[in-house]
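In the working numbering, the protein residues as written are 2 to 595.
Glycine included, C-beta positions come from ideal geometry on N, C-alpha and C.
Reading through the structure tokens given below for one structure.
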Amino acid sequence: MYRTHSCHQLRPADIGQSVTLAGWVNTNRDQGGVIFVDLRDREGVTQIVFRSEENADATVHAHKLRSEDVIQITGKVAARLPGTENAKLATGAIEIIATDLKVLNKADVPPFPLDDPKVNEDLRLEYRYLDLRTDHMQRNLKLRHRIVKATRDYLDDAGFLEIETPVLSNPTPEGARDFLVPSRLNPGTFYALPQAPQQYKQLLQVAGLEKYFQIARCFRDEDLRADRQPEFTQIDVEASFITDVEIQTLIEGMLKRIFKEARGVDIPTPFPRMTYADAMNRFGSDKPDLRFGLELVDLADIFKESGFKVFRSVADSGGVIKALNAKGAAALLSKEQLKKWEEWVKTEFGAKGLAYIKWSEGGEWESPIVKFFSDAEKKALAERMGFAAGDVLFFGADMKLEAVAEVLGRVRLRCADILGLLAAKKDELNFLWVVDFPLLAFSPEDNHWVAVHHPFTRPKAEDMPALEAGEYAKVRAVAYDVVLNGVELGGGSIRIHEKDLQTKMFEVLGVGPEEQQLKFAHLLRAFSFGAPPHGGIALGLDRLVMLAVGAESIREVIAFPKNNRGCDLMTHSPVEVDFKQLREVYISSTAKKN
RNA sequence: GGAGCCUUAGCUCAAUUGGUUAGAGCGCCGCCCUGUCACGGCGGAGGUUGCGGGUUCGAGCCCCGUAGGCUCCGCCA
């Protein structure tokens with residue numbers, strides 16, 4: 002037996018006991034005649050004392066201890082001398098008077114200080130096993146475990162079955178780029194790693210399992226971000242004979258339990274609901290952060306007769322003109338900075354420009370466009386926007402709401418940032434359902450309509466006539482996203498369960514009968530054998546944990562993440578493989594070597 | 001595919017306008033220390049300033065290229 006107690010366990014009640022502890026040397030304070038070692042394990046820290054006059058032999062060896070050595074010590078639990086208790090440690094009232102020391106494994110000097118949060122991330126990732134020893138990372142992984150456990154318990158209580166689906170499955174024609182896996186037994190053919198268990202979970206409904214969930218690993222071969230990894234984990238849920246509101250209620254209860262058990266907070270349910278149209282119109286985003294205002298305001302009617310041609314032409318032809326008022330931002334935004342913002346929207350979103358009016362305290366309206374406005378327009382504008390000295394207005398004008406939303410939605414977030422609107426609300430948890438997403442969007446690059454959610458999403462019953470009539474832009478989906486503090490946590494929908502409707506959807510999406518047979522025959526056939534009405538949702542577990550621990554990146558809540566080029570800096574994955582290994586799976590590389 | 005920022009000791013950073021021997025804190029090594037807990041004291045080692053080229057009497061600093069890291073756009077049904 003290596004130990005009798007953990008390093009977090011012993012208290013004054015244990016004084017006098019003989020104990021054995023094992024762990025890592027956290028710090029070693031050698032004072033010559035007496036040596037203090039803080040011994041660390043997963044649970045905590047306990048102070049060990051070596052006294053030369055009592056245990057000369059052990060003390061001699063303790064002189065040689067260094068950080069991160071793995072040791073085992075035996076000794077007696079003792080009260081600390083009066084006045085030397087450490088209130089910062091849970092075990093700070095006691096210490097172990099060591100009688101025996103065994104070095105289980107010496108450690109080299111660590112390449113970086115483990116307790117320094119400023120160490121560069123690439124170094125932490127190269128030595129991830131050391132980084133994971135830190136309190137910070139252990140807390141994150143423990144909380145992740147609590148969240149997964151709460152999820153399993155909750156869904157089990159609700160009658161859901163955890164069922165695994167294949168990781169080796171088929172490529173999907175739409176959506177993200179697939180990771181491919183060559184099949185050795187079937188030369189020239191490929192599996193794909195799943196982007197999501199979508200079809201399998203629907204087929205489990207056809208199979209009559211009724212309530213399914215899975216903590217599912219998903220794979221998408223796209224570029225990485227702070228909140229995107231090529232492999233990530235979803236809480237995947239699907240159920241039969243269920244409505245959209247019932248799924249939302251189920252998930253609200255699940256998130257309530259997760260946050261109660263993980264963070265000890267009670268989040269209010271039900272969450273507010275907002276339509277996609279409202280979210281875009283008022284906040285310029287389909288995942289609005291409602292912890293602050295800065296709402297977008299419609300101005301098209303004011304500028305119908307305007308002398309400013311850009312606004313007038315948009316207003317006249319039924320386009321969208323909106324503005325937001327960054328209250329108190331004038332003092333924070335110099336002319337040069339405003340120019341930079343304009344450059345930013347131009348380069349990043351391809352906008353033509355960013356119109357603004359800055360009203361400094363005790364000054365005039367400063368703006369490249371205001372000279373074109375009539376007095377009546379200025380008055381109407383100031384009134385509607387609540388424009389006052391110290392404010393900055395930002396405008397967006399375009400024939401399409403999405404274009405205005407893209408620019409002003411981001412300007413809104415950036416304004417909130419510089420105005421410090423979130424500083425006081427860091428701990429607030431603002432949940433929201435965004436509902437009534439459009440079913441379809443026209444893709445100019447592909448020159449056909451694509452599914453906004455995915456091809457299996459059910460159109461709203463009242464919009465079926467529009468679908469039949471080919472007015473695709475008007476058709477809304479029974480789809481919903483759950484949003485937390487402006488981050489999309491997950492999304493789902495009620496699915497199509499009728500073969501004919503699914504076929505119709507494929508046609509609209511430009512998937513012809515041949516391709517349907519090739520790629521979706523199994524699903525269409527399954528629907529012909531009595532498929533129940535069903536629907537579900539998937540939540541991004543990594544993002545959920547990230548928000549629960551207050552991290553800035555999902556890499557902080559994944560044990561062994563990839564960097565932003567998809568590489569594992571510890572194992573150097575991905576790597577080149579031997580020619581023979583490629584030959585076995587009938588692959589030859591076209592990559593150019595340099 | 002594109003944009004921005006970054007790279008100086010093991011780690012985190014500094015180095016005035018381009019100027020002489022590139023510094024600090026922590027860590028590391030050695031010695032001392034019987035109540036520390038960010039222990040303390042004394043001494044010491046440690047640098048191809050990412051790499052390659054250029055400008056200059058002289059480059060950590062300026063220019064070009066390149067590699068790596070981070071963030072973002074595109075992409076992510």
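For residue i, the three-state DSSP class (helix, strand or coil)
i, result
"residue 312", "helix"
"residue 481", "strand"
"residue 520", "helix"
"residue 282", "helix"
"residue 346", "helix"
"residue 73", "strand"
"residue 423", "coil"
"residue 487", "coil"
"residue 500", "helix"
"residue 443", "strand"
"residue 541", "strand"
"residue 177", "coil"
"residue 438", "coil"
"residue 592", "coil"
"residue 295", "coil"
"residue 560", "coil"
"residue 367", "strand"
"residue 338", "helix"
"residue 6", "coil"
Span separating the alpha-carbon of residue i from that of residue j
i, j, result
"residue 97", "residue 113", "29 angstroms"
"residue 80", "residue 13", "7 angstroms"
"residue 575", "residue 563", "10 angstroms"
"residue 293", "residue 140", "30 angstroms"
"residue 351", "residue 216", "39 angstroms"
"residue 430", "residue 409", "24 angstroms"
"residue 380", "residue 334", "23 angstroms"
"residue 92", "residue 39", "11 angstroms"
"residue 440", "residue 177", "18 angstroms"
"residue 495", "residue 321", "32 angstroms"
"residue 143", "residue 331", "45 angstroms"
"residue 309", "residue 315", "10 angstroms"
"residue 526", "residue 455", "19 angstroms"
"residue 538", "residue 150", "19 angstroms"
"residue 204", "residue 524", "7 angstroms"
"residue 566", "residue 407", "27 angstroms"
"residue 170", "residue 25", "44 angstroms"
"residue 23", "residue 16", "18 angstroms"
"residue 595", "residue 134", "Any reading at residue 595 must be qualified, since the residue scores a pLDDT of 49, below 50, and its modelled position is unreliable; no value is offered."
"residue 485", "residue 72", "44 angstroms"
"residue 1", "residue 415", "The structure shown has nothing for residue 1, since the chain only spans 2 to 595."
Extent of the continuous beta strand (DSSP E) to which residue i belongs
i, result
"residue 47", "46-52"
"residue 358", "356-360"
"residue 100", "95-106"
"residue 28", "19-31"
"residue 86", "Element bounds for residue 86: n/a, residue is neither H nor E."
"residue 35", "35-41"
"residue 398", "393-399"
"residue 322", "321-327"
"residue 193", "191-193"
Residues near residue i in its chain [Cβ-Cβ closer than 6 angstroms; skip 5 each side]
i, result
"residue 201", "166"
"residue 482", "435, 489, 492"
"residue 422", "293"
"residue 274", "434, 436"
"residue 362", "390, 391"
Residue i - containing alpha helix (DSSP H), residue span
i, result
"residue 580", "580-585"
"residue 183", "That residue, residue 183, is in no alpha helix (DSSP H); its beta strand (DSSP E) goes 181-183."
"residue 130", "129-132"
"residue 382", "376-386"
"residue 59", "57-63"
Neighbourhood of residue i by C-beta, 7 angstroms cutoff - its chain only, sequence neighbours within 5 removed
i, result
"residue 127", "570, 571"
"residue 356", "370, 396"
"residue 185", "585, 586"
"residue 233", "219, 541, 543"
beta-carbon residue i near the ligand GTP non-hydrogen atom, thresh 6 angstroms
i, result
"residue 486", "Among the ligands in the structure shown, none appear at all, so the ligand GTP cannot be discussed."
Nonlocal neighbours in the same chain, by C-beta distance under 8 angstroms from residue i, ignoring five residues either side
i, result
"residue 581", "none"
"residue 230", "543, 555, 556, 559, 562, 563"
"residue 307", "313, 316, 373, 374, 375, 378"
Report task. Would you mind listing the alpha helix (DSSP H) stretches within the region 142-166 that are 4+ residues and don't spill past its ends, in chain order? Result -> none
Query - Length-filtered (3 minimum) beta strand (DSSP E) runs lying within the region 201-273 - result: 212-220, 232-241
Query - Runs of beta strand (DSSP E) wholly within the region 452-480 (minimum 3 residues, chain order) - result: none
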